[in-house]
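Novice: Per the numbering used here, residue 794 is the first one in the sequence shown, and the count goes up by one each step.
Quick one: structure below, then a few questions.
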Amino acid sequence: MSSTETASGSADRIIESLHDAGNTALESVRKFLDAVNGVFPDVSADNGPRQRIIDSAFKMTEELVGASTQLAEKIVKGSRDALGEADKEGRKVPERS
């Protein structure tokens with residue numbers, strides 16, 4: 794297996810992990826909304842406490858998923874850069890099983 798194939802597999806695993814983390818975050822928000830709906834009746838008041846809590850939960854989730862995405866992008870970029878340097882220098886990159 795070449796270092797490019799190894800990098801591609803690593804990137805795929807990082808992307809899959811990020812996707813799983815995003816799904817977990819969304820499921821957490823759904824559970825949170827269920828709890829809010831159970832406690833606060835929907836009185837349809839614009840910008841009432843219920844709506845502010847829900848909006849805050851979505852904003853927090855977006856920020857957490859965004860931070861995870863940025864981290865994954867940096868890891869993938871750093872890995873690609875390191876592999877590119879190793880390839881230029883003719884070094885072998887250790888393969889993982």
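All C-beta atoms, glycine included, are put in the ideal place defined by N, C-alpha and C.
Ends of the alpha helix (DSSP H) at E856?
Specialist: E856 -> alpha helix (DSSP H) spans 842-881.
Novice: Can you tell which of V829, A865, S872 has the C-alpha that lies nearest to the C-alpha of G815?
Specialist: The candidate whose alpha carbon is nearest that of G815 is A865.
Novice: Going by Cα to Cα distance, which pick from G831, D848, T817 is closest to D839?
Specialist: That would be D848, whose Cα lies nearest to the Cα of D839.
Novice: On the premise that A850 lies in contact with F825, defined as a C-beta separation below 8 Å, what is that separation, rounded to the nearest angstrom?
Specialist: Yes, F825 and A850 are in contact; Cβ-Cβ is about 5 Å, under 8 Å.
Novice: Where does L876 land, buried or exposed, given buried means 16+ other C-beta within 10 angstroms?
Specialist: L876 is buried by the Cβ-count criterion.
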